[in-house]
């Protein structure tokens with residue numbers, strides 16, 4: 007029988023893999039649309055080459071994070087506390 011830690015690991019891993027697939031789909035959707043064609047045309051590999059790609063990645067990740075946040079639910083306080091704990095232990 008699996009421990010709670012193992013079950014949580016499996017669920018979190020599944021959610022990360024699913025988020026990765028969705029993020030790649032969103033990236034492809036952005037590339038296929040004409041929404042940012044002007045920005046793409048102005049982009050230069052010689053002048054701040056990572057700025058636009060980082061902005062795209064940040065936008066996609068923030069969009070995914072909003073979907074996983076507990077905003078508007080009764081679990082928002084608990085969720086925010088756990089998120090702070092995870093960020094503290096990961097980056098301290």
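Residue numbers (our numbering): 7 to 98. All residues carry an ideal CB built from backbone N, CA and C; glycine is no exception.
Three-state class that DSSP yields for residue i in the structure shown
i, result
"residue 53", "strand"
"residue 69", "helix"
"residue 8", "coil"
"residue 75", "coil"
"residue 81", "coil"
"residue 4", "Residue numbering for the chain in the displayed model covers 7 to 98; residue 4 lies beyond these limits and cannot be assessed."
"residue 29", "helix"
"residue 40", "coil"
Exposure of residue i, with buried meaning 16 or more beta-carbon neighbours within 10 Å
i, result
"residue 66", "buried"
Residue from the options with nearest C-alpha to residue i
i, options, result
"residue 63", "48, 88 and 37", "37"
"residue 69", "44, 45, 30 and 82", "30"
"residue 24", "78, 13, 73 and 89", "73"
Beta-carbon separation (whole angstroms), residue i vs residue j, contact threshold 8 Å
i, j, result
"residue 76", "residue 85", "4 Å"
"residue 58", "residue 45", "6 Å"
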